[in-house]
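Just below is one structure, and these are the notes that go with it.
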């Protein structure tokens, strides 16, 4: 019985010793890394590095902003291409723009907290008349995918 206590206390002391030794090694490695980084900062100015980082982040946001589709260009193209003044053509133009507005709303709802607060669910989109109750974007997609699956 006494041998078990001695063995357990020896194991505990060995674990504690390894933990302290490991902590000392980590501290020693940290000091080496800190010293190396300090030497690098003397070679390369910190302002230059921060300016480069800000430039990369800004360019990333500009690229994302460029790739977001806006309905203005689409509306101008639709009006130029479908320029017939008939009632049916006017309804077609209107429906194309309605779907564009709806798709833009759904995209902005996923990437903007303000738009997410304004349209938390599909009912809010229907209530704001962005999406009519007569046509449901999700329902039409579901019907279309079910029809395509049935055709296969």
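Residue numbers (the numbering used here): 1 to 152.
Every residue gets a Cβ at the ideal spot worked out from N, C-alpha and C, and that includes glycine.
Keep in mind the model is a prediction, meaning the values are calculated, not measured.
Residue from the options with nearest C-alpha to residue i
i, options, result
"residue 103", "90, 125, 85, 83", "125"
"residue 111", "51, 85, 61, 89", "61"
Per-residue burial, residue i [other beta carbons within 10 Å of its own, 16 or more giving buried]
i, result
"residue 119", "buried"
"residue 109", "buried"
"residue 131", "buried"
"residue 66", "exposed"
"residue 2", "Because residue 2 sits at a pLDDT of 48, beneath the cut-off of 50, its placement in the model cannot be relied upon, and the following sentence gives the value as read from the coordinates. Flag for residue 2 reads exposed."
Chain D within 9 Å of residue i, Cβ atoms only
i, result
"residue 64", "Structure shown: chain D not included; a single protein chain is present."
Contact the stretch 71-85 vs the stretch 34-47: 3+ CB pairs below 8 Å: Contact check between the stretch 71-85 and the stretch 34-47: fewer than three CB pairs, one atom from each, fall below 8 Å, which does not count as touching.
Sufficient close CB pairs (3 or more, under 8 Å) joining the stretch 44-58 to the stretch 84-100: The stretch 44-58 is not in contact with the stretch 84-100.
Any 3 or more C-beta pairs closer than 8 Å across the stretch 99-118 and the stretch 62-72: Taking 8 Å as the limit for Cβ pairs, the verdict is that the stretch 62-72 does touch the stretch 99-118.
Contiguous alpha helix (DSSP H) assignments of at least 4 residues, all confined to the stretch 74-134: With a minimum length of 4 residues, the continuous alpha helix (DSSP H) runs that stay inside the stretch 74-134 are 87-111, 113-118, 122-127.
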